[in-house]
Amino acid sequence: MTDVHSIRVTVNGTEHELAVESRRTLADVLRHNLGYTGTHVGCEHGICGACTVLVDGMPARSCLMFGVQVDGRSVETVEALGTPDALSPLQQAFTDHHGLQCGFCTPGFLMLITAFLRETPSPTDDEIREVVASNLCRCTGYQSILRAVRAAADARAGS
Amino acid sequence: MPDAPGSPAAVAAAGAAPDLPVVAAAVTPTAGGWIGRSLRRAEDRYLLTGRGSFVGDHQAPGTLHLVLVRSQVASATIEAIDASAALRQPGVATVITAADLAGVAPLRGVLARPEFVATDMPILAADRVRHVGEPVAAVLADSAYTAEDAAELVEVAYGELTAVTNIEAALAPGASAVHEAAPGNVLVDVTPASSPGLDDIFASAAHVVEVEVSTGRVTAAPLEGRACVATFDERTGQVVLQTSTQVPHTVRTAVALSLGMDEHQVRVISPDVGGGFGQKCVVAREEVLTAAVARQLRRTVTWVEDRREGLTSGFQAREQFYLVRGAFDADGRVLGLDADIRCDVGAYSCYPVTCGVEVLMAANELPGPYRVRSYRARSRGVATNKTPIAPYRGVSRPQAVLAMERLMDEAGRATGLGAVEVRDRNLIDALEFPYRNVMGASYDAGTYRESLARCAELLGYGSWPGVQARALAEGRLVGLGLACFVEPTAYGTASFGMRKMTIVPGYERATVRMDPSGSVIVMTGTHSHGQGHATTYAQIVADALGIDPGRVRLRQGDTELVPHGWGTFASRSIVAGGGAVARASADLAGQLREIAAHMMEAAPGDVELAGGRAQVRGDPATAVPIGELARTAHHAAHLLPEGLGRGLEASSSFDPEGTFSNATHGAVVEISPSTGGVRLVRYVVVEDCGVMINPMIVDGQVAGGVAQGIGAALFEELCYDESGQPVSGSFVDYLVPTAADLPEIEIHHLCTPTPRTPTGAKGMGEGGTIGAPAAVLSAVNDALAQVGASVGRIPVRPADVVAAIAAAGGGRAPGDGLDTGAAPGGPPDGRRKTG
Chain A
0 MTDVHSIRVT VNGTEHELAV ESRRTLADVL RHNLGYTGTH VGCEHGICGA
50 CTVLVDGMPA RSCLMFGVQV DGRSVETVEA LGTPDALSPL QQAFTDHHGL
100 QCGFCTPGFL MLITAFLRET PSPTDDEIRE VVASNLCRCT GYQSILRAVR
150 AAADARAGS
Chain B
0 MPDAPGSPAA VAAAGAAPDL PVVAAAVTPT AGGWIGRSLR RAEDRYLLTG
50 RGSFVGDHQA PGTLHLVLVR SQVASATIEA IDASAALRQP GVATVITAAD
100 LAGVAPLRGV LARPEFVATD MPILAADRVR HVGEPVAAVL ADSAYTAEDA
150 AELVEVAYGE LTAVTNIEAA LAPGASAVHE AAPGNVLVDV TPASSPGLDD
200 IFASAAHVVE VEVSTGRVTA APLEGRACVA TFDERTGQVV LQTSTQVPHT
250 VRTAVALSLG MDEHQVRVIS PDVGGGFGQK CVVAREEVLT AAVARQLRRT
300 VTWVEDRREG LTSGFQAREQ FYLVRGAFDA DGRVLGLDAD IRCDVGAYSC
350 YPVTCGVEVL MAANELPGPY RVRSYRARSR GVATNKTPIA PYRGVSRPQA
400 VLAMERLMDE AGRATGLGAV EVRDRNLIDA LEFPYRNVMG ASYDAGTYRE
450 SLARCAELLG YGSWPGVQAR ALAEGRLVGL GLACFVEPTA YGTASFGMRK
500 MTIVPGYERA TVRMDPSGSV IVMTGTHSHG QGHATTYAQI VADALGIDPG
550 RVRLRQGDTE LVPHGWGTFA SRSIVAGGGA VARASADLAG QLREIAAHMM
600 EAAPGDVELA GGRAQVRGDP ATAVPIGELA RTAHHAAHLL PEGLGRGLEA
650 SSSFDPEGTF SNATHGAVVE ISPSTGGVRL VRYVVVEDCG VMINPMIVDG
700 QVAGGVAQGI GAALFEELCY DESGQPVSGS FVDYLVPTAA DLPEIEIHHL
750 CTPTPRTPTG AKGMGEGGTI GAPAAVLSAV NDALAQVGAS VGRIPVRPAD
800 VVAAIAAAGG GRAPGDGLDT GAAPGGPPDG RRKTG
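Same order as they appear, the protein sequences are chains A and B.
By numbering that gives the first Met the number 0, the letter at position 92 of the first sequence is numbered 91, and the numbering carries on one by one without gaps.
By numbering that gives the first Met the number 0, the letter at position 673 of the second sequence is numbered 672, and the numbering carries on one by one without gaps.
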């Protein structure tokens with residue numbers, strides 16, 4: 000039985016109106032209805048965090064939300080950060096410190112940390128480690144991610 | 000970004016990374032060249048901005064979603080499959096079973112040697128299932144949601160059989176046979192070494208040390224699971240399979256064989272790959288199935304693995320047992336080594352490397368960096384009703400090193416020499432290279448003793464006894480562990496041929512093509528999935544041609560575009576792929592010199608290429624931009640004599656003889672005697688992989704590898720209940736380490752360039768994973784030795800530690816302040832050393 004709802008959602012500043020099945024995940028809505036394929040799905044049970052996006056500014060696992068839950072809300076995905084020609088400071092710090100290898104988990108980390116640095120502009124190393132521990136990366140061993148976050152936070156503080 | 004999913008252009012473009020600058024701004028090359036510099040990666044900009052292209056990103060309109068009905072029992076006959084309820088669901092196109100796949104051959108990995116029993120891995124199970132999660136039927140529907148629902152409605156009637164779920168049960172007399180072809184469940188049984196006189200050596204040795212180690216079943220768990228999209232292209236008559244793989248050409252071979260097609264009728268495209276670590280270097284039946292169904296239905300079909308499938312049905316690894324005895328003389332020098340090794344290979348043999356991959360490597364490489372002159376080993380691969388194994392980063396080396404290092408630790412205790420001295424006396428010395436080991440392998444030069452000395456120094460080994468004693472007095476159990484190893488990398492065809500596989504990997508081929516603008520396209524059969532080849536290959540090309548690496552682009556992952564090659568696994572790419580790239584680049588540089596020499600009326604040998612220009616050596620007035628040479632070669636070839644220009648391209652292959660990286664890893668742990676928890680306090684790596692093309696990338700590989708090794712040492716295990724049900728089907732149960740679980744990994748380099756590769760680089764992608772379990776276990780046992788306890792199994796679970804301490808008498812040494820808490824009794828650790 001399909002159970003379709005009309006929703007209106009703002010993604011990266013652009014408003015979209017679409018009909019979605021009630022059970023369709025936000026991740027699928029973003030990726031396959033709207034084409035924001037930078038959001039990746041790594042576990043579909045809320046542990047790995049690869050699918051992290053910001054909903055009204057707060058990090059959310061888009062695999063654990065339904066599309067209908069963002070009706071009337073604002074979503075930010077990795078595509079809202081910098082562009083290849085103009086990386087955001089956090090993205091620049093990731094490339095400077097080799098904070099990514101295969102790049103699959105990376106958008107989730109970027110969104111998680113973007114929200115974190117907005118809320119905690121001058122984090123301690125322990126706070127950084129704690130927030131980075133929210134998501135899984137299988138390639139880096141995390142220390143390059145930790146360095147990238149430290150550098151991005153320091154750059155904000157210094158600018 | 001909304002793309003144009005599924006259009007032929009999108010499908011074709013999926014294999015090629017977008018053109019992006021390697022470095023943000025033009026950088027002036029130094030006299031030292033580009034090799035050896037930590038350039039930012041070419042791949043990063045598009046991956047960081049969500050512009051990557053992973054298989055699961057592509058869902059063209061009209062795509063059929065394939066969801067598998069998988070066996071819920073470990074061993075059974077299939078009595079009946081009733082798909083009628085599923086077929087009645089709106090949106091369900093069809094349900095495919097083995098009966099619908101007539102003419103699709105099973106995957107059959109073969110070693111052509113008498114010690115190996117070949118078995119088939121069916122694409123869908125026909126009359127028999129051999130592990131939970133085995134694919135039984137495929138539901139195809141207009142959405143993944145509909146297909147998931149319908150899959151639950153497919154009724155499979157099983158006639159349950161007794162499952163064998165561990166090595167002991169499988170080897171027991173009268174055990175049920177997983178395969179009729181192997182009544183005793185032994186699929187591989189090799190004795191690759193049997194030195195004469197070994198029993199006499201043991202009989203007369205001053206010290207005989209015996210250790211047992213066992214290692215839990217783990218899996219690579221790349222963050223991107225496996226995924227496929229297949230179409231049938233009527234224009235070309237090709238099955239086009241996009242798949243998340245490390246080995247596009249090998250997948251093409253398998254699909255072509257299974258579907259009975261010529262290889263040119265199958266095109267395999269692998270765009271960005273979200274990690275592989277070996278799991279994607281073999282061919283999965285889901286890849287063949289997706290291609291077969293797309294051909295049969297003439298529809299676009301996609302299968303995207305979910306994490307539960309990945310953890311229960313994706314290839315697994317490393318469930319092994321070692322019994323190793325070492326004979327040592329009075330000075331602690333090893334005289335002989337005797338090993339009995341058993342690997343639980345699961346229910347099927349993977350293609351193409353077979354279930355022998357762990358079994359052979361375990362026995363062949365056990366002696367490692369040590370001067371072992373007499374050696375006997377038997378190694379068996381035992382079939383069980385569990386998910387099949389495949390290579391996982393390091394394959395058997397993490398376990399073999401674990402066994403050898405435990406032997407060395409015990410020998411250090413038995414002889415009183417300690418961990419460093421006993422290793423140092425047995426490590427191959429710098430003066431002995433090239434060293435031919437007891438198995439016939441020829442090690443190129445390395446820094447075995449130097450890396451040990453450096454690592455021990457960095458860890459403060461000299462003052463460790465005092466540190467440890469003071470900690471104990473404070474009620475803290477701390478331990479320092481070491482692991483020395485050699486990492487054989489980049490086997491060539493000669494080495495792989497000795498395994499007797501029916502297809503023999505090893506070489507790599509590269510085409511380097513300069514366009515009329517002076518930019519370069521590199522095409523190789525290796526397939527970077529995080530290793531940064533777009534960057535490192537560009538550095539190699541840039542040095543050879545005297546151009547900026549930003550002018551070099553990599554094309555990979557499309558069997559239609561790139562030369563035949565073997566993909567990225569076994570720490571081979573920078574050696575085999577990079578070697579082929581270096582050779583082809585040198586050839587192309589020669590062509591450029593000849594064109595320049597003609598234009599300058601100079602001798603080719605006097606022309607140098609640097610800084611984007613060609614000039615007569617020492618005479619800047621003669622400088623011509625390389626772009627001008629390229630333009631001339633293509634657009635004004637009439638100015639050149641015949642045989643020069645008329646295109647600018649070179650292809651070359653490289654078939655490495657094998658090269659050997661080495662490292663020592665060191666770990667410091669603190670153990671909570673009451674909870675059994677192990678906390679890593681320090682982790683130090685001293686490694687030597689020869690010339691580093693890009694040190695930043697090398698460090699990234701080491702750190703990531705160590706993290707996986709620590710995961711295997713302390714956290715990760717795929718558990719099964721006694722009926723063969725997997726019970727680690729989520730990341731809640733299968734504990735991939737997080738940032739909170741890992742220490743800073745301190746990485747130090749030694750550099751012994753190898754003469755065996757064009758660049759002097761050795762492979763190094765697996766080393767981190769190889770050393771870590773042994774270093775961690777060594778540290779744990781150094782800590783536990785203070786209370787007379789030890790453990791011999793990884794992952795080292797808190798309960799194992801508590802039980803070991805309890806078995807050793809509660810761990811309360813006279814006068815110490817150790818809080819052993821309410822340690823549950825539990826059985827004594829049956830794996831303790833007996834030496």
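We treat Cβ as the ideally placed atom computed from N, Cα and C, and that holds for glycine.
When Cβ-Cβ separations below 9 Å define contact, residue 2/A makes no contact with chain B. Scanning 381/B, 171/B, 325/B, 443/B for the CA closest to the CA of residue 406/B turns up 325/B.
Cβ proximity to chain A below 7 Å picks out 729, 730, 731, 735, 737, 738, 739, 741, 743, 744 from the segment 713-744 of chain B. Here the alpha carbon of residue 153/B sits roughly 50 Å from the alpha carbon of residue 404/B.
DSSP, read as helix, strand or coil, puts residue 661/B in strand. Among the CB atoms of chain A, one or more fall inside 9 Å of the CB of residue 702/B.
Cβ atoms of residue 666/B and residue 217/B stay farther apart than 8 Å, at about 18 Å. Contact annotation for residue 792/B against chain A: no contact, minimum CB-CB distance about 23 Å [criterion: below 8 Å]. Of the residues assessed, residue 193/B falls on the exposed side of the cut-off, its CB having fewer than 16 other CB atoms within 10 angstroms.
Here residue 253/B is buried. Its C-beta has 16 or more other C-beta atoms within 10 Å. Close to chain B, meaning a Cβ-Cβ distance shorter than 8 Å, are the following residues of the segment 89-114 of chain A: 90, 93, 94, 95, 97, 99, 100, 101, 102, 103, 104, 105, 106, 109.
Within the DSSP secondary-structure output, residue 624/B pairs in a beta bridge with 612/B. Think of a sphere of 9 Å around the beta carbon of residue 39/B: the chain A residues whose beta carbon falls inside it are 94, 95, 97, in chain order.
Inclusion of residue 561/B and residue 540/B in the CB contact set at 9 Å is not warranted, their separation being larger than that value. In summary, the residues of the segment 55-66 of chain B whose CB is separated from some CB of chain A by less than 8 Å are 55, 56, 58, in the order they occur in the chain. Burial of residue 214/B is indicated by the presence of at least 16 other C-beta atoms within 10 angstroms of its C-beta. Secondary structure within the segment 510-554 of chain B: the beta strand (DSSP E) runs of 3 or more consecutive residues, fully enclosed, are 519-523, 551-554 (chain order). Here the C-alpha atom of residue 655/B lies approximately 12 Å from the C-alpha atom of residue 569/B. Within a 10 Å sphere around the beta-carbon of residue 234/B sit fewer than 16 other beta-carbons, which makes this residue exposed. Under the three-pair Cβ rule at 8 Å, the segment 127-139 of chain A does not count as touching the segment 675-691 of chain B.
One thing to note: residue 402/B has its Cβ no nearer than 9 Å to the Cβ of residue 378/B. Around the Cβ of residue 532/B, a 10 Å sphere holds 16 or more other Cβ atoms; the residue is buried. Between the segment 382-395 of chain B and the segment 313-321 of chain B, the count of C-beta pairs closer than 8 Å reaches three or more; the two stretches touch. In terms of Cβ geometry, residue 148/A and residue 115/A form a close pair [threshold 9 Å]. Contact of residue 83/A with chain B by beta-carbon distance below 7 Å involves 19, 44, 45, 48, 50. Counting of Cβ neighbours within 10 angstroms places residue 100/B among the buried residues, the total reaching 16 or more. By the 16-neighbour rule on beta-carbons within 10 angstroms, residue 718/B is exposed.
Among the CB atoms of chain B, none fall inside 9 Å of the CB of residue 8/A. In terms of Cβ geometry, residue 292/B and residue 95/B form a close pair [threshold 9 Å]. Residue 117/B places its beta carbon 9 Å or farther from that of residue 386/B.
According to the DSSP assignment, residue 285/B belongs to no beta strand (DSSP E) but to the alpha helix (DSSP H) extending over 284-296. Taking 9 Å as the threshold, the shortest C-beta distance from residue 53/A to chain B does not fall below it. Within chain A, the residues 43 have their CB atoms less than 7 Å from the CB of residue 305/B, given in chain order. Separation of the CB atoms of residue 663/B and residue 479/B is rounded to 12 Å, and the pair is thereby denied contact status at 8 Å. Contact annotation: residue 652/B and residue 509/B have beta-carbon atoms nearer than 9 Å.
Secondary structure note for residue 149/A: its alpha helix (DSSP H) is the uninterrupted segment 142-157.
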